[in-house]
Amino acid sequence: MAASRELLLTLASILVGLAAGALVLAAGGADPLKGIYVLLTSFTYYPEILLVGASITMLTGLAFAIPLRVGFFNIGGEGQLYAGAIVSLMVSLVAPYTPFPGLLAGFTAGAILGFIAGFLRVRLGVNEVLSTIMLNWAIYWTSTYLVIDVLADPIYPHLTRQVPEAARIPWIPSSLLGPLSEVLPGGVPIIPFISIAVALAAWAAMYLTVPGLRYRFVGANEYAALSRGVNVDYVKLASMTVAGGLSGLAGALLILGYSYRVDTGLSGLAGYGFEGIGAALIGRNHPLGIIAASVFLGELAAGSERIQVEANVPAELAEVVSGAIIFVLAALSGLKYVAPRLLGVKSEG
Amino acid sequence: MSKGSRKLVEMRGIVKVYPDGVKALDKVDFDLAEGEVHALLGENGAGKTTLMRILYGEIRPTSGMIIVRGKEARWRGPWDAIKAGIAMVYQNFRLVDALTVRENLLIYLSSLGVSRSEAESRIMSVAEDLGLSIPMEARVEDLPMGVRQRVEIVKALSGGARVLILDEPTSNLTPLEAEGLFRLIEKLKKRGVGIVYITHKLREVMSIADRVTVLRKGRVVGRSVRGDRFFSEEKLASLMVGEVLAPQRSLGEPGKDEVLRVESLTVESGEGVIRVRDVSFKVVAGEIVGVAGVAGNGQEELVEAIIGVRKPSKGSVYVNGVRVRSARDFYRAGGGFIPGDRVRALAHELSVADNAAFIYYTGSRAILMTPSRVKQLFHRLVREFGLKAMSPSTPVGRLSGGNQQKVLVGSEFLRGFRVLVAVNPTQGLDVATTAFVRDLIVKASREGVGVLLVSTDLDEVLELSHRILVMSGGRVVGELRRGEASPERVGVLMGGS
Ligand SMILES: Nc1ncnc2c1ncn2[C@@H]1O[C@H](COP(=O)(O)OP(=O)(O)O)[C@@H](O)[C@H]1O
Ligand SMILES: [Mg+2]
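Protein chains in written order, with this note's numbering: chain A, 23 to 371; chain B, 133 to 629.
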């Protein structure tokens with residue numbers, strides 16, 4: 023009963039979000055209906071944008087959702103993702119044999135950042151919103167330095183060197199895709215499957231294991247957890263660490279499985295961390311919901327690419343449209359979940 | 133008193149089917165006259181709260197009607213009921229803990245459209261009229277339960293209530309506070325306020341009700357007016373439970389092995405106030421040691437220190453010879469715990485199955501929790517503990533208090549333990565479930581479990597304990613054996629000094 027109501031609410035918020043997008047389009051002088059249609063149906067034109075976008079957002083979405091359940095706002099997805107990306111790139115250059123060392127290193131880099139923010143909060147009471155935002159900046163400038171100074175490609179100095187062939191995550195070649203090879207001449211990246219596997223694993227860990235049950239209890243009733251022998255601080259710290267690791271992994275997947283390098287402005291990385299917050303709120307903080315929300319956001323990304331051509335909408339307006347949709351969706355979906363926690367209100371039976 | 137006076141409200145043919153299919157009420161009639169106390173008696177889950185939430189406009193009946201002063205009323209929400217002079221005071225009070233009493237009252241009255249000055253004067257006159265002292269500037273969270281309840285009542289009356297619904301009003305009160313409440317109710321009667329008194333405690337019906345309506349499984353199974361032949365504890369009890377109660381119980385013989393030892397324990401509150409002073413005792417296998425005392429005399433802190441949730445400032449606790457330094461130590465050493473506060477012990481948004489599994493796996497090193505194992509746990513609760521719940525996925529907060537307690541107690545018993553710390557284990561339970569839980573405890577002790585029973589219900593302590601420790605002001609001020617303990621002797625010690 024509760025689940026179907028959640029779904030209904032989400033669908034309703036999607037409609038409101040699309041209406042907001044239509045308004046923005048109309049205000050910008052474009053045909054709103056056509057624009058929305060294009061936004062929602064572009065995956066066949068830009069399948070890669072959808073697949074890659076969804077797989078990265080899925081992980082940063084989990085990275086926001088997992089700590090939120092125990093009352094932590096992990097705003098550090100962005101920095102954790104940068105760290106994962108840069109570190110995995112560096113590792114792939116040092117050990118250019120398989121993608122695994124890079125993946126592990128990317129996860130670890132993000133996990134360390136998550137751990138730092140978690141530790142500061144649990145032990146010293148430092149607000150995690152502040153610490154993660156500050157870490158984001160620290161990572162941003164460190165990454166920029168590394169990209170310009172250490173990793174720069176001697177031939178194209180505005181780019182880093184590339185991940186060596188052997189350290190890349192392979193794609194499924196289009197020859198194996200049968201009839202789909204028309205749509206996906208370049209083949210299919212594997213990273214979406216990895217992300218979905220991770221999200222399913224997160225779901226299973228939460229709902230099918232005893233530690234996962236304890237974790238959900240810490241979020242639902244901390245005192246009950248405490249009085250039943252759960253080490254609440256440990257659970258909180260672990261959830262921040264895992265969250266950081268997932269963002270780091272997202273960065274590693276992006277580099278090792280799709281872009282293979284970054285530019286000096288880090289523009290290929292920017293935004294995914296924050297988009298994860300949207301995915302988590304739209305997906306109602308549930309791993310399965312986040313999978314669906316990420317696919318939706320991936321489609322919006324593909325759509326805002328094509329809307330520029332099809333509906334003659336400038337790139338900036340396209341961003342505003344998908345931004346408006348995400349904003350409305352996240353606000354409506356998030357309100358119910360976040361507001362009671364922020365206000366400290368408990369619902370009554 | 134009830135016959136001649138004017139009817140305030142009447143409910144006719146009320147049926148309520150909850151969205152999940154539970155038929156909570158079946159053609160119930162109920163009425164209330166000026167200046168009377170009409171008790172609504174029934175076991176947990178009988179539908180008492182549901183009936184009154186309908187009268188209060190908080191939920192809608194599936195069918196049936198409400199008549200207020202001769203006219204049919206249709207509430208759109210509680211505010212309509214409040215405007216018609218009906219107010220409800222819940223088991224768990226609905227005050228904003230972080231605000232002061234004054235702020236709470238003013239917010240409520242201003243939401244009814246009462247101006248600030250008018251509100252102040254109404255509050256003053258109500259409090260004065262009833263001779264109540266209300267600490268207006270104190271924060272609600274700092275007040276004892278009895279005072280919070282008075283605030284709720286003043287709130288209701290200054291909002292113009294003529295009908296006051298009290299839902300299990302003594303369940304959170306100390307015996308002394310309950311006495312105060314009864315005196316207050318007498319005063320309200322004299323002023324013509326009609327009171328619906330929801331309870332499952334027969335003794336309370338005997339002491340203050342003018343009339344009583346007995347509900348069982350959503351139906352009215354009896355009505356009685358003070359003085360008629362049904363107005364007795366025995367008659368009402370049999371109406372309420374529909375079965376004969378168990379006779380006086382006998383306990384097993386305690387063994388030799390020490391299973392719980394508390395050594396000169398001193399515990400401070402967060403603010404550094406000493407709550408438990410140098411307490412020592414032990415419990416052997418098969419023994420039930422009762423801790424009696426008025427609530428707030430250090431029992432809560434003592435228990436928290438024993439189960440390892442609160443660090444004592446001095447002293448130590450051993451369970452089966454293992455020193456307890458954390459809650460995990462306590463459970464892993466064979467400790468079991470039945471907390472006194474269901475609200476704090478369950479995760480209300482999570483399902484019955486999740487809550488049961490969480491308790492069941494306390495201290496366990498198990499990793500996997502397969503859905504089939506959890507379902508099995510749920511079915512054992514239903515079969516062996518008489519849990520009534522629609523499905524394992526129902527949020528536990530939806531269950532009645534009695535069923536919540538069954539989840540709590542049942543899961544812990546299914547988990548198993550060698551030492552049990554039970555705090556008010558039957559609080560808020562109906563007669564049959566109370567007897568059931570007490571049987572469980574005695575049975576466990578016969579099987580060699582050592583029990584520490586901390587209860588503010590003196591009858592319970594006397595009925596179940598081999599030995600009784602009396603706490604007052606954070607100290608153990610007396611110890612009595614089963615033979616020598618009587619309500620009077622324990623009562624004198626509880627009074628302290
Ligand atoms: N909000 C609700 N949704 C579904 N069922 C409910 C709800 N509230 C109470 N019930 C069910 O209705 C029945 C009557 O409950 P209640 O009125 O709380 O009883 P009482 O107050 O007499 O203990 C119980 O079976 C209970 O589980
Ligand atoms: Mg009730």
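Each residue gets a CB set at the ideal place from its N, CA and C atoms; glycine is no exception.
Asked: So, is H511(B) buried or exposed, given that buried needs 16 or more other C-beta atoms within 10 angstroms?; Found: exposed
Asked: Which residues, in chain order, does the segment 224-256 of chain A contribute to contact with chain B at a C-beta distance below 9 Å?; Found: Y229, L230, T231, V232, P233, G234, L235, R236, R238, F239, G241, A242, N243, Y245, A246, A247, L248, S249, R250, G251, V252, N253
Asked: Looking at chain A, is there any beta carbon in it that lies within less than 8 Å of the beta carbon of G659(B)?; Found: The question about residue 659(B) has no answer here: the residues shown for chain B are numbered 133 through 629.
Asked: Since V295(B) and I198(B) should fall inside the 8 Å C-beta cutoff, what is the C-beta to C-beta distance between them, to a whole number of angstroms?; Found: Not a contact, Cβ separation roughly 11 Å.
Asked: For A160(A), is the classification buried or exposed, using 16 other Cβ atoms within 10 angstroms of its Cβ as the cut-off for buried?; Found: exposed
Asked: With distances taken from each beta carbon to the nearest heavy atom of ligand 4, which residues come in below 7 Å, in chain order?; Found: You won't find ligand 4 in this model; what it holds is ligand 1 and ligand 2.
Asked: Less than 8 Å between C-beta atoms, sequence neighbours within five positions excluded: which residues of the same chain meet that for K319(B)?; Found: L262, G263
Asked: With distances taken between CB atoms, is the gap from T32(A) to R328(A) smaller than 8 Å?; Found: no
Asked: Closest to F318(A) by CA distance: which of L310(A), V331(A), A301(A), P118(A) is it?; Found: A301(A)
Asked: Name, please, each residue of chain A whose Cβ falls closer than 9 Å to the Cβ of L500(B).; Found: L230, T231, V232
Asked: Quick one: which residues of the segment 472-483 of chain B get their C-beta closer than 7 Å to a C-beta of chain A? List them in chain order.; Found: R476, A477, L478, A479, H480, E481, L482
Asked: With burial defined as no fewer than 16 other Cβ atoms inside 10 Å of the residue's Cβ, what is the status of P503(B): buried or exposed?; Found: exposed
Asked: So F462(B) contacts chain A; which residues on that side make the cut at Cβ distance below 9 Å?; Found: G251
Asked: Is the beta carbon of Y188(B) within less than 7 Å of some heavy atom of ligand 1?; Found: no
Asked: So, for L84(A): in the same chain, excluding its five sequence neighbours on each side, which residues have a beta-carbon less than 8 Å away from its beta-carbon?; Found: V220, A221, A224, A265, L268, G298, A302, P309, I312
Asked: 8 Å is my cut-off, CB to CB: does G209(B) come that close to chain A?; Found: no
Asked: Should N535(B) be counted as a contact of ligand 1 given a C-beta to heavy atom distance under 7 Å?; Found: yes
Asked: Looking at the strands, I want to know which residues DSSP matches up with D261(B).; Found: Beta-bridge pairing links D261(B) to no other residue.
Asked: Closer than 7 Å to a non-hydrogen atom of ligand 1 - does that hold for the CB of K333(B)?; Found: no
Asked: Specify the secondary structure class of G582(B) as computed by DSSP and reduced to three states.; Found: strand
Asked: Hey, is the segment 239-251 of chain A in contact with the segment 132-142 of chain A, meaning 3+ C-beta pairs nearer than 8 Å?; Found: no
Asked: Would G533(B) and G495(B) qualify as a contact pair, given that the criterion is a beta-carbon distance under 8 Å?; Found: no
Asked: Taking Cβ positions, are G251(A) and A459(B) nearer each other than 8 Å?; Found: yes
Asked: What does the alpha-carbon distance come out to for the pair H598(B) and R614(B)?; Found: 5 Å
Asked: Give a yes or no on whether 8 Å exceeds the smallest Cβ distance from L29(A) to chain B.; Found: no
Asked: Find out if the Cβ-Cβ distance for the pair V528(B), V569(B) is shorter than 8 Å.; Found: no
Asked: Run through the segment 145-194 of chain B for me and flag every whole alpha helix (DSSP H) of 4 or more residues, listed as ranges in chain order.; Found: 180-187
Asked: Does the segment 102-116 of chain A come within contact of the segment 58-66 of chain A, defined as at least 3 CB pairs closer than 8 Å?; Found: no
Asked: Give a yes or no on whether the C-beta atoms belonging to L351(A) and I71(A) are separated by under 8 Å.; Found: no
Asked: With distance defined between alpha-carbon atoms, name the residue in T398(B), T558(B), K159(B), L434(B) nearest to S445(B).; Found: T398(B)
Asked: Of all Cβ atoms in chain A, is any one closer than 8 Å to the Cβ of T565(B)?; Found: no
Asked: Does chain A have any CB closer than 8 Å to the CB of F510(B)?; Found: no
Asked: In chain order, what residues of the same chain have a beta carbon less than 7 Å from the beta carbon of G291(B), not counting five sequence neighbours either side?; Found: I214, A219, Y240, L241, L244
Asked: Can you tell me whether DSSP reads L249(A) as helix, strand or coil?; Found: A small fix is needed here, since residue 249(A) is Ser in this sequence, not Leu. It is helical.
Asked: Run through DSSP, which three-state label would D461(B) get?; Found: helix
Asked: Under 7 Å from any heavy atom of ligand 1, does the C-beta of K520(B) make it?; Found: yes
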